[in-house]
Each structure stands twice: as structure tokens, then as C-alpha cells.
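Residue numbers (my numbering): 277 to 614.
Beta carbons are placed, not taken as given, at the ideal position from N, Cα and C, and that holds for glycine.
A short write-up of the structure that comes next.
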Ligand code: SF4
């Protein structure tokens, strides 16, 4: 057990939701080993998430040529969070003496200690246990944590400027994430989002709505905005950086989302809300906060984990606005103290 370790390198994951989930393990490590300084080697897509963790000391982006020999000299231990061959090769090339991760695709040849991925998978547990197992292999038993994201005062000032420029600084805000990078199977239908947005605008006349989007799924909120002409509906349009999106979500009082990175960010911020689940399994990747309620329609083919639905997308199509509106209306009323 490395309870006195000073410097730890963590090879971070590429998906935003996974990065948020993995923060709980880093927080657990900090609890059992307060003197350990955590550096995360991160892709540019998730670097902001790790930068916003209150327990991460430093983030090194993997883009371009990061200095492998320097990492090898500085760190005695690396935790390999991704399951890819590439991540294990990268760490092997640094020469860091101890490298821990799960076995997959001959990675055991590159890691100094590998955990049995098939055995973990058979347990059908939440994804958070995958990262915790890696952390526990190095540090012993870790406490179960809810991921946390820290939004600085300076970032909140930028957020308020952004909302002011868009005329929403005085409104109570509802955050909506209608896209999903993973694929269309995870998306609740656009027509249903339009229906629910119209209901919110009518029922809560003071509320503003912010739709979040990344570069890959910005078309979805753009199409929704085409259909609803009001200054009370703002789309981030994939144009603001992830860190600012997190801060804007921190200003929202309720979140409505597909199973996505923004869902996990909302949970890390402790936001109340609802999340639509269709092809994925909330037991495996559900939000790590009971503040976000899972809404789903049971179908025999779920969870299929497919990116595109090969049939009629019944898991989402049969979860109608009428079904979900009572939960959403009640949740927003409570959040607004109405
Ligand atoms: S196959 Fe079934 S679970 Fe998968 S996306 Fe289609 S309807 Fe949903």
C-alpha cells in the first residue's frame, strides 16, 4: 500500500462522463493518502474535468509530444484508467517503475500489475468500481465518494458575464442536454424535447433555458432552437469551452438530460434533475447522485448498448412527454421553491 507516496500519475480517460466518474477514486486516494500529489495525464477532451477536481494538483495534456522521460523520472507509480492498448504503451514508454491497470489486449505485458477485467465485468457493477479497483490495488481500501467539481469565483464571474450577454442573468435557469456524443440511440427524441421546453416556458414564465452541446452534437440544439423562437432559450452551440459549460450548469437549478457527460457533471454538482435512459444500463453508468432521477420505459431489448438503434427506438419513443412531465414539473417547482 502506497499511503506515503508523494507523486502519483494517473492516465485519464477520454469520455467526459467517464472522467467525472473517475474523480471519485482520486478523491478516495486523497482521503487515505493526503500527502499524495495527483497529476493527471489527460486528453484535451477531458482536461477541464480533471482541472476542476479539487484533488488534482496538475493536468498534463497528452496532445502533441508530452515529455515521457521526465514523467518516468518524477513518478514512481502510475494508474492506467483507460482500457486501451495505447494507454498502456504510453505508460510503458515513460519507464515509470510501477504501472497498474486492467488486463485487456495483451496489456499485461506492458503493466507491472494487472487486474482481471473479465472478472470485474462479470460482477456487473457500476463503472465507478472499475476505477476504484485500480486505486485500491495501489492504496488499499478507498472510501466511496461522490465525484466533485470545483467552480472558482473567477469562472463564476465569466459565467455571469456570458449569461448577461445572452440576456439570462436574472432568470432561474433550467439546463437541458438534448444530445449525446455516443450516438443517437441515447437521445430522447428532439420532438419530445421541444414539447417539454414549450411546457416549461408556459408553466414557469420567469425561467430561462440553457441547452448544452459539444462540437459533435451541436446540430441537435440548433434544430430545437429553430422550432422555438424565444430569447429565453439559449444554446451554448458547442462554442464555449467545457469548463465554462460546467460553470453555466452550476448556475442552473434543474437539469434535464440524456445519459451523457453532462448528466454526470450535473450529478457531481449535486443538481436536481431527470435523466432519460434507453439503450444503456443505469446500474452500470447511472449518475452518482440521487438528486438526478432516472426515467425510462422498460423494453425487452434494453440495455443493448448500441450507438444507433437497429429497430424503432422504442425505449425512447415510448417514454413520452406526458410520462415525464409530472416529474419535471414537480422537480422544477421544488427547485424554484414555487
Ligand atoms: S435496440 Fe432496443 S434498447 Fe437498443 S436503442 Fe433500440 S429500442 Fe433502445
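What residues match up with residue i in a beta bridge as DSSP calls it?
i, result
"residue 511", "487"
"residue 377", "390"
"residue 335", "316"
"residue 572", "553"
"residue 287", "317 and 356"
I'd like to confirm something about residue i: is its beta-carbon nearer than 7 Å to some heavy atom of ligand 1, or not?
i, result
"residue 575", "yes"
"residue 457", "no"
"residue 562", "no"
"residue 580", "yes"
"residue 589", "yes"
"residue 465", "no"
"residue 558", "no"
"residue 551", "no"
"residue 371", "no"
"residue 554", "yes"
"residue 461", "yes"
"residue 345", "no"
"residue 586", "yes"
What span of residues does the alpha helix (DSSP H) with residue i cover, start to end?
i, result
"residue 552", "Premise fails: residue 552 lies in the beta strand (DSSP E), 549-553, not in any alpha helix (DSSP H)."
"residue 347", "344-350"
"residue 540", "537-544"
"residue 458", "Per DSSP, residue 458 belongs to no alpha helix (DSSP H) and is neither H nor E."
"residue 328", "Neither: residue 328 is in no alpha helix (DSSP H) and is coded neither H nor E."
"residue 303", "292-308"
"residue 607", "597-612"
"residue 591", "590-593"
"residue 503", "495-503"
"residue 363", "361-370"
"residue 558", "558-561"
Which residues bound the beta strand (DSSP E) around residue i?
i, result
"residue 478", "Where residue 478 is concerned, there is no enclosing beta strand (DSSP E), although the alpha helix (DSSP H) it sits in stretches over 466-479."
"residue 356", "353-356"
"residue 529", "528-534"
Taking Cβ positions only, does residue i come closer than 8 Å to chain D?
i, result
"residue 544", "Checking the listed chains, one finds no chain D in this structure; it contains a single protein chain."
In chain order, each alpha helix (DSSP H) run of at least 4 residues that lies wholly inside the stretch 403-454: Runs found: 403-415 and 429-441.
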